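A short worksheet on the structure shown next.
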Amino acid sequence: ENEHKTLAMRSYYAALVAGAGLLGQAIIPLQGNILDVMKGRARVNWQSTVHQSSAGVLFLAGYFHCVTMNMLLGRSRALPSPLWSKRVKLFLTVTMLGPFFLAFIPHPATGAGASIDAMA
Numbered sequence: 001e002n003e004h005k006t007l008a009m010r011s012y013y014a015a016l017v018a019g020a021g022l023l024g025q026a027i028i029p030l031q032g033n034i035l036d037v038m039k040g041r042a043r044v045n046w047q048s049t050v051h052q053s054s055a056g057v058l059f060l061a062g063y064f065h066c067v068t069m070n071m072l073l074g075r076s077r078a079l080p081s082p083l084w085s086k087r088v089k090l091f092l093t094v095t096m097l098g099p100f101f102l103a104f105i106p107h108p109a110t111g112a113g114a115s116i117d118a119m120a
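Read the sequence shown against full-length UniProt numbering and you will find it ends at 120, with the numbers running on by one and no gaps.
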C-alpha cells in the first residue's frame, strides 16, 4: 500500500515537472535565426538554450512518469486494467528508449559549429 502511494506521488510529480518543461518550451521559442546557427553562421543564444533545456526536462520527466506508472500498474492487483493494456503500456515505454538515447547526439542547432553565447 505505502509503496503504491510512493510510486503514484513520484509519477504525479514527474508529470508536473514534464508540464513545466512543456510550458517553458512553449513560451520560449527557438531563436529567430536558428537556421543560421545550424549552418554555423551564428551562435546559439540564451533563448534557444532555454528552449532546448526545457525540451530535455519535458522528455526526461515524461519518461520517468511512464516508467513509474508502469511499475505501479505491474505491482497493483486491484487496478481494473486488463493484461493486454499493461503489455501495450510497457511496450510503448520500452520503445521510448530509442529516442532517449538519440537525445545524446548533438542537436543540429548546437552541433554544427555553433557555440553557446548566453550574453548574445
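We put the beta carbon where it would ideally sit given N, CA and C, even for glycine. Please read all numbers here as calculations on a predicted model, not as lab measurements.
Check your understanding: Roughly how many whole angstroms lie between the Cα atoms of residue 2 and residue 18?
Key -> Within the sequence shown, numbered from 1, the residue matching residue 2 stands at position 2. Within the sequence shown, numbered from 1, the residue matching residue 18 stands at position 18. Those two C-alpha atoms are separated by around 24 Å.
Point to revise | Identity of the residue in 8, 56, 45 and 4 nearest residue 101 by Cα | key: Taking the first residue of the sequence shown as position 1, residue 101 is located at position 101. Nearest option by C-alpha distance: 56.
Exercise for review: Using 10 angstroms around the beta-carbon of residue 34, count the other beta-carbons present and answer buried if the total reaches 16, otherwise exposed.
Suggested key: In the sequence shown, counting from the first residue as 1, residue 34 sits at position 34. Burial call: buried.
Review point. If you compare alpha carbons, which of 13, 43 and 31 is closest to residue 63?
Key: Along the sequence shown, one-based indexing puts residue 63 at 63. Of the listed residues, the one whose Cα sits closest to residue 63 is 13.
Review point. Alpha carbon to alpha carbon, what distance is there between residue 72 and residue 4?
Key: Taking the first residue of the sequence shown as position 1, residue 4 is located at position 4. Taking the first residue of the sequence shown as position 1, residue 72 is located at position 72. For the pair residue 4 and residue 72, the Cα-to-Cα distance works out to about 6 Å.
Exercise for review: Tell me, to the nearest whole angstrom, how far the beta carbon of residue 66 is from that of residue 93; I am working on the premise that it is less than 8 Å.
Suggested key: Position 66 of the sequence shown, counted from the first residue, corresponds to residue 66. Position 93 of the sequence shown, counted from the first residue, corresponds to residue 93. The beta-carbon separation of residue 66 and residue 93, rounded to 5 Å, stays under the 8 Å limit for a contact.
**Study point:** Outcome for residue 26 when other beta-carbon atoms lying within 10 angstroms are tallied against a minimum of 16
**Key:** Translated into positions along the sequence shown, residue 26 becomes position 26. With fewer than 16 Cβ atoms within 10 Å of its Cβ, residue 26 is classed as exposed.
Review point. Taking the C-alpha atoms as reference points, what is the distance between residue 51 and residue 78?
Key: Working through the sequence shown from its first residue, we reach residue 51 at position 51. Working through the sequence shown from its first residue, we reach residue 78 at position 78. Here the alpha carbon of residue 51 sits roughly 41 Å from the alpha carbon of residue 78.
Check your understanding: Which value, in whole angstroms, describes the spacing of the CA atoms of residue 53 and residue 45?
Key -> Locating residue 53 in the sequence shown gives position 53, counting from the first residue. Locating residue 45 in the sequence shown gives position 45, counting from the first residue. Distance between the alpha carbons of residue 53 and residue 45: 12 Å.
Point to revise | Where the alpha helix (DSSP H) containing residue 94 begins and where it ends | key: On the sequence shown, position 94 is the one that residue 94 refers to. Here the alpha helix (DSSP H) through residue 94 covers 83-95.
Exercise for review: Assuming residue 7 contacts residue 58 (C-beta within less than 8 Å), just tell me the rounded distance between them.
Suggested key: Against the sequence shown, residue 7 aligns to sequence position 7. Against the sequence shown, residue 58 aligns to sequence position 58. That pair is no contact at about 21 Å.
Check your understanding: When the Cα atoms are used, what is the spatial distance from residue 76 to residue 88?
Key -> Along the sequence shown, one-based indexing puts residue 76 at 76. Along the sequence shown, one-based indexing puts residue 88 at 88. Straight-line Cα distance between these residues: approximately 16 Å.
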